Amino acid sequence: MIQTLINENHGHLVLLDVSHPSLETIHSTTASEQFRLNTRLTGAGRGHYTMTLVPDGATCTSSMKV
1 MIQTLINENH
11 GHLVLLDVSH
21 PSLETIHSTT
31 ASEQFRLNTR
41 LTGAGRGHYT
51 MTLVPDGATC
61 TSSMKV
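Residue numbering for the sequence shown follows UniProt numbering, beginning at 1 and increasing consecutively.
Dropping the structure here:
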């Protein structure tokens with residue numbers, strides 16, 4: 001459920017034109033088949049930060065691959 005909300009929210013922010021190409025690269029990379037993570041932009045004034053939902057049991061090694 002939270003994964004769906006994260007993706008929907010990110011989509012709304014993109015439609016509002018508050019994203020940035022570098023943030024979209026991060027979003028598409030984390031959403032890829034390799035990682036299957038949910039990411040959205042966050043922060044005031046065109047984002048500059050992302051938030052990624054990392055599943056329980058994820059290791060630092062697997063997170064660093066992203």
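Ideal Cβ positions, reconstructed from N, Cα and C, are used throughout, including at glycine. Computed from a prediction, not measured in an experiment: that's the story for all the values here.
Cβ-Cβ separation, residue 10 to residue 36 (assumed contact under 8 Å), whole Å: So it is not a contact: roughly 15 Å between Cβ atoms.
How about residue 52 and residue 30: do their beta carbons lie closer than 7 Å? yes
Taking the alpha helix (DSSP H) that residue 5 falls in, what are its first and last residues? 2–15
With DSSP as the reference, identify every bridge partner of residue 50, one or two as the case may be. 41
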